[in-house]
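J.:
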Amino acid sequence: MTSPKPTLRLILGDQLNAQHRWFTEVDDATIYV
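And the structure:
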C-alpha cells in the first residue's frame, strides 16, 4: 500500500489573517505555501 500524496494549498489575500482556519488546523499531509 502506498502512502497518500500531500495536499498543496496556496494561502492568499484574506487567508493571511491569523484567525483563519488554516492557522488553527494542523494536518501533516498538507503543505501550505
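Here our numbering is used: the first residue of the sequence shown is 654, the next is one more, and so on. For each residue, glycine too, the CB sits at the ideal point set by N, CA and C.
#1: Where do the ends of the beta strand (DSSP E) carrying THR660 lie?
#2: How is the beta strand (DSSP E) around THR683 delimited, first residue to last?
#3: What is the rounded straight-line gap between the Cα of LEU665 and the Cα of TYR685?
#4: Look up ASP680 in the DSSP assignment and say whether it is helix, strand or coil.
#5: Between the C-alpha atoms of THR660 and ALA682, what's the straight-line distance to the nearest angstrom?
T.: On the basis of the data shown:
#1: 660 to 662
#2: 683 to 685
#3: 10 Å
#4: coil
#5: 6 Å
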